[in-house]
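Residue numbers (our numbering), protein chains in the order written: chain B, 2 to 105; chain G, 23 to 515; chain P, 11 to 323.
Structural data, given as structure tokens:
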């Protein structure tokens, strides 16, 4: 087993946790957390690929690293927007979830 | 020349954001000049084939390339025309926004122009990761536009839309990661030559395909669309239902017939087609049940998205059958894209017409629009002509699209798609005539309704889009010839 | 099994557990704190995987700024009074089945790719000299794939415009005038602010040849801005609407202008003339840093602007 396999499996585990959270969470902040965990899993997959066969003198592949940097900025933009939206919804209606009956 | 179609909308968006009073002028001028450029590009591509533009001069695979073929050119042209009409319409729509307090127009103009820029990036890009960034830019601008109507319903709809789109983006990016891990490149043309049937490629295709189906709102992944499109301000609904949906469909079609063409199996094609059939039937039935005009039109979009995906099984079987491409593949390709552009024009016209009615009446309850044809005849014409295209009545663009799809379905022996196309047409006629019947009704004429004044430009903007969707059915040769430039599945196409 | 591999396994297990507990913590405040821990662990993973640029960005943006936004949102939106209702068996099993299926399929596909080679990495290293910068990640970000980065700055700009739209405002309003900022925090800010500006400047300067660059620098600057926001005075609140918009838009438009220079001089959008590549990139980075920092502060402070809520509510 190599550290590539460990981290790729880790990416899979983060996806499991994130997707499960996104499917079950009701509170908007929890949903946003779950989606960010999902994106962490995707980024981990890309960086594991970047470092694949590490130990080679050349070092890691810079392309996936640049892609993940872009991805991190995109993720924080969306997170910020969605949080602002969640706060606005809460301020207007007191609701904290998407469901009709609003249990949380 | 190609890159100016990306630069102008973004430049316009920044200007409209900085100096808000110039926004309407910037938008109309930008849309007109991009429409002219797109028309020139279309002629160029038609005469001398697809063009490639290397950003920064680096070239693929190290850099990012733009590729303009017939499909790109026609999409660019369609979106410029829609943006032009929507801009003209929005000048009237945002007329009273001149006060010193914040008003929705301030968000509308920059976001709409950037949304359009992102679409143009999407239509030209030949790089899977660059397409991811374009999708994100497009989605975030779209959600930001939905919010502008304020109100709890719009905010909740925007939230649902944003979360669904964010999840879809992650799936797409995961697919990109797997593709890069497997083949070490991101350019579409390069990937198309190296992708081979193996587990990683199938998983990447499923992730990317699924993500795009969610973003296109194909049944049963349409749950976020009706509320978002109905709750948005009318010019935004027009942009979303006509262009944003088409943008993610475009990408699906591009990747299915490009990068993933060697691994697209007929069963997967039939599955996507079945979802499309489900969308047509479910969306149309839901549209028939709606009491509110804008919700009805939004469900009509759910249904019409289904038609977009009917060519997929036909194209897939054409690629695996000897002579299939010539016998029905080209018809399916042309029919699908013809439907996309006819629907884009007609649906934008319809949402703009609905917006005019809401503007005049203050409500969009379908029972309330009784007899409105007397006061808003041009808007009623716009709705009716756009409806003809959606139903597929001759001589509209929708008729040509359905004709091509029907002949492709019969030529391939997959007659079941023809049944769906015809049934969908009948159901569409049902909900369109329900509304038209109300508009033309004489029942409510005893006590004429008090209407707010509507700027003429709003009425004519919707009308001209509707007429454009009709003209597509009268001038068929040129668009079809253009679509043959860069045809993905015919040797030397 | 080597010690390094054991460490990797421990890190992955820890990451997964923290992520799960962050999402499902009964108290959302705890969840947000755990998410920050998650981000820091992820930064540690990036260090392990030879990605120091990302470690910096993750710690500053992923853990720091996202974490601060989450904490602040939780403070307003509050924790749920009760837990989600007890689900049926299918309601419990189906999400797990979907999630495990997706994760397993993705991980399985990725595992088969362990021995693939021939990525763009070698090509980038071979041509980094042509780019005008020495650090390969910066070369990819600003030169070879500068188009992506330009659009990404656009994403941040759109987010800022959209947040202003959610708030229905053009300027940042100080959220809680003369709020209960303890003197120690004000004093700490007095020390941290200049330090933050220095660190940000250093990261920006170093990015051309070593890990760091515009994003990391902007994140550090934004973190300082957020700190000041938390004291009740968002640093952008004193700006007029036009100046705020100029700050937000300057990164995207400077990048665009640089691209157009390439179009005019070298006949290719985003091609920097060889003689001037170095300083054009510096100008882009500077403008992008300012815009990203301003956008991040706006995204944070704009989201928490309660005065607008009360006006609307």
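Think of the CB as a built atom: it goes at the ideal place given N, C-alpha and C, for glycine as much as any other residue.
*Exposed unless 16 or more other CB atoms sit within 10 angstroms - verdict on residue 105 of chain B*: Here residue 105 of chain B is taken as the residue at index 104 of the first chain, counted from 1. Any reading at residue 105 of chain B needs caution, since the residue's pLDDT is 37, under 50, leaving its predicted position unreliable; the model's value is listed next. Per the 10 Å Cβ criterion, buried.
*asked:* So for residue 209 of chain G, helix, strand or coil by DSSP?
replied: Along the second chain, read from residue 1 onward, the residue named residue 209 of chain G stands at position 187. DSSP places residue 209 of chain G in strand when its eight states are reduced to three.
*Rounded to a whole number of angstroms, what is the C-alpha to C-alpha distance between residue 50 of chain G and residue 223 of chain P?*
Counting from 1 along the second chain, the entry for residue 50 of chain G is found at position 28. Counting from 1 along the third chain, the entry for residue 223 of chain P is found at position 213. Their backbone Cα atoms lie some 38 Å apart in a straight line.
_Is the beta carbon of residue 335 of chain G closer than 8 Å to that of residue 292 of chain G?_
The residue labelled residue 292 of chain G in the question sits at position 270 within the second chain. The residue labelled residue 335 of chain G in the question sits at position 313 within the second chain. At a Cβ-Cβ threshold of 8 Å, residue 292 of chain G and residue 335 of chain G count as neighbours.
*Throw me the rounded Cβ distance for the residue 199 of chain G and residue 47 of chain B pair, which I believe falls under 8 Å.*
As a working mapping, residue 199 of chain G is identified with position 177 in the second chain. As a working mapping, residue 47 of chain B is identified with position 46 in the first chain. With 8 Å as the limit, residue 199 of chain G and residue 47 of chain B qualify as a contact, their Cβ atoms being about 5 Å apart.
*Between residue 133 of chain P and chain G, is there a C-beta pair that is closer than 8 Å?*
Walking along the third chain from the start, residue 133 of chain P turns up at place 123. By this cut-off, residue 133 of chain P is an interface position.
*Within chain G, partners of residue 129 of chain P - CB distance below 8 Å*: As a working note, residue 129 of chain P is residue 119 in the third chain. Neighbours of residue 129 of chain P on chain G, chain order: 202, 206, 207.
*With 8 Å as the threshold, decide whether the Cβ of residue 222 of chain G is near any Cβ in chain C.*
In the structure shown, chain C cannot be found, because the protein chains are B, G and P.
*Assuming residue 418 of chain G contacts residue 492 of chain G under a Cβ cut-off of 8 Å, what Cβ separation, rounded to an integer in Å, is found between them?*
The residue given as residue 418 of chain G occupies position 396 in the second chain. The residue given as residue 492 of chain G occupies position 470 in the second chain. Right, the Cβ-Cβ distance comes to about 5 Å (below 8 Å), so this counts as a contact.
_Per the DSSP calculation, residue 13 of chain G is bridged to which residue(s)?_
The requested residue 13 of chain G is not part of the displayed model; chain G covers only 23 to 515.
*Does any C-beta atom of chain P lie closer than 8 Å to the C-beta of residue 84 of chain B?*
Here residue 84 of chain B corresponds to residue number 83 of the first chain, with the count starting at 1. True, the Cβ-Cβ gap to chain P drops below 8 Å.
_Sheet register partners of residue 387 of chain G (DSSP bridge)_ = Residue mapping note: residue 387 of chain G aligns to position 365 of the second chain, counting from 1. In DSSP, residue 387 of chain G forms a bridge with G:314.
*Measure the CB-CB distance between residue 328 of chain G and residue 357 of chain G and report whether it falls below 8 Å.*
The residue given as residue 328 of chain G occupies position 306 in the second chain. The residue given as residue 357 of chain G occupies position 335 in the second chain. Against a cut-off of 8 Å, the Cβ pair of residue 357 of chain G and residue 328 of chain G comes out as no contact.
*Can you find a CB in chain G that lies within less than 8 Å of the CB of residue 281 of chain P?*
Locating residue 281 of chain P in the third chain gives position 271, where the first residue counts as 1. It does; some Cβ of chain G falls within 8 Å.
_What would DSSP say about residue 91 of chain B, mapped onto helix, strand or coil?_
For the purposes of this step, residue 91 of chain B is taken as the residue at position 90 of the first chain. It is helical.
*Comparing the C-beta of residue 45 of chain P with each C-beta of chain G, is any distance below 8 Å?*
As a first step, residue 45 of chain P must be located in the third chain, where it is residue number 35. Taking Cβ atoms only, chain G never reaches closer than 8 Å to residue 45 of chain P, which makes this a no.
*For residue 175 of chain P, the nearest candidate out of G:359, G:168, G:183 (CA to CA)*: Along the third chain, read from residue 1 onward, the residue named residue 175 of chain P stands at position 165. For the residues G:359, G:168, G:183, the minimum Cα distance to residue 175 of chain P belongs to G:168.
*asked:* Here's a check: name, in chain order, each residue in its chain whose Cβ is nearer than 7 Å to the Cβ of residue 196 of chain G, leaving out the five neighbours to either side.
replied: In the second chain, counting from the first residue as 1, residue 196 of chain G sits at position 174. Counting only Cβ-Cβ distances below 7 Å, and skipping sequence neighbours, we find 229.
*Can at least three beta-carbon pairs, one atom from the stretch 133-140 of chain G and one from the stretch 166-182 of chain G, be found at a separation below 8 Å?*
They touch, by the three-pair rule.
*May I ask you to list, following chain order, the residues of the stretch 36-51 of chain B that have a beta carbon less than 7 Å from some beta carbon of chain G?*
Going along the stretch 36-51 of chain B in chain order, one finds 36, 39, 40, 43, 46, 47, 50 with a Cβ nearer than 7 Å to chain G.
*Can you tell me which of the three DSSP states residue 318 of chain P falls into?*
On the third chain, position 308 is the one that residue 318 of chain P refers to. For residue 318 of chain P, the predicted structure reports a pLDDT of 48, less than 50, and the residue's modelled location is therefore unreliable. A value from the coordinates is still provided. It is helical.
*Looking at the C-beta of residue 152 of chain G, does it have a partner C-beta in chain P at a distance below 8 Å?*
Start at 1 with the first residue of the second chain, and residue 152 of chain G comes out as number 130. Chain P has a Cβ within less than 8 Å of the Cβ of residue 152 of chain G.
*So which residues of chain P does residue 138 of chain G contact, with C-beta pairs closer than 8 Å?*
Here residue 138 of chain G refers to the residue found at position 116 when the second chain is read from its first residue. Per Cβ cutoff of 8 Å: no residues; residue 138 of chain G is ~12 Å from chain P at best.
_Neighbourhood of residue 78 of chain G by C-beta, 6 Å cutoff - its chain only, sequence neighbours within 5 removed_ = Taking the first residue of the second chain as 1, we reach residue 78 of chain G at position 56. The beta carbon of residue 78 of chain G is closer than 6 Å to those of 85 in its chain, skipping five residues each way along the sequence.
*Measure the C-alpha to C-alpha separation of residue 48 of chain G and residue 108 of chain G and round it to an integer number of angstroms.*
By one-based count along the second chain, residue 48 of chain G stands at place 26. By one-based count along the second chain, residue 108 of chain G stands at place 86. Distance between the alpha carbons of residue 48 of chain G and residue 108 of chain G is about 13 Å.
*Along the stretch 2-21 of chain B, what residues have a CB closer than 7 Å to any CB found in chain G?*
Hits within the stretch: zero.
*Would you kindly work out how many angstroms separate the C-alpha atoms of residue 23 of chain B and residue 82 of chain P, rounded to a whole number?*
Indexing the first chain from 1 puts residue 23 of chain B at position 22. Indexing the third chain from 1 puts residue 82 of chain P at position 72. Cα to Cα, residue 23 of chain B sits roughly 21 Å from residue 82 of chain P.
_Within 8 Å of any Cβ in chain B, is that where the Cβ of residue 155 of chain G sits?_
The sequence position of residue 155 of chain G within the second chain is 133, counting from 1. The Cβ of residue 155 of chain G sits closer than 8 Å to at least one Cβ of chain B.
*asked:* So, for residue 217 of chain P: in the same chain, excluding its five sequence neighbours on each side, which residues have a beta-carbon less than 6 Å away from its beta-carbon?
replied: Numbered from its first residue, the third chain carries residue 217 of chain P at position 207. For residue 217 of chain P, where only same-chain residues beyond five positions count, the Cβ hits under 6 Å are 148, 223.
*asked:* Could you check whether the Cβ of residue 76 of chain B sits closer than 7 Å to any heavy atom belonging to the ligand SAH?
replied: Absence of the ligand SAH from the depicted structure is noted, as is the absence of any ligand whatsoever, leaving it without description.
*Contact set between residue 83 of chain G and chain P, taken where Cβ atoms lie within less than 8 Å*: Walking along the second chain from the start, residue 83 of chain G turns up at place 61. By Cβ distance, chain P contributes 130, 133.
_For residue 88 of chain B, would you say it is in contact with chain G, using Cβ-to-Cβ distances shorter than 8 Å as the test?_
In the first chain, the residue the question calls residue 88 of chain B occupies position 87. Using a Cβ-Cβ cut-off of 8 Å, residue 88 of chain B does not count as an interface residue toward chain G, since no Cβ of chain G sits closer than that to its own.
*In chain B, which residues lie with their C-beta within 7 Å of the C-beta of residue 178 of chain G?*
Locating residue 178 of chain G in the second chain gives position 156, counting from the first residue. Against residue 178 of chain G, the close residues of chain B are 90, 99, in the order they occur along the chain (beta-carbon pairs closer than 7 Å).
*Under the three-state reduction of DSSP, which class applies to residue 345 of chain G: helix, strand or coil?*
Translated into positions along the second chain, residue 345 of chain G becomes position 323. Coil, per DSSP.
*For residue 311 of chain P, count neighbouring Cβ atoms within 10 angstroms of its own Cβ and tell me buried if that reaches 16, exposed if not.*
Within the third chain, residue 311 of chain P is the residue found at index 301, counting from 1. Classification of residue 311 of chain P: buried, given that the 10 Å Cβ count is 16 or more.
_Using C-beta distances below 7 Å, list every residue in its chain close to residue 331 of chain G, excluding the 5 sequence neighbours before and after it, in chain order._
Taking the second chain and counting its residues from 1, the one referred to as residue 331 of chain G is at position 309. Cβ within range, chain order: 240, 294, 295, 297, 298.
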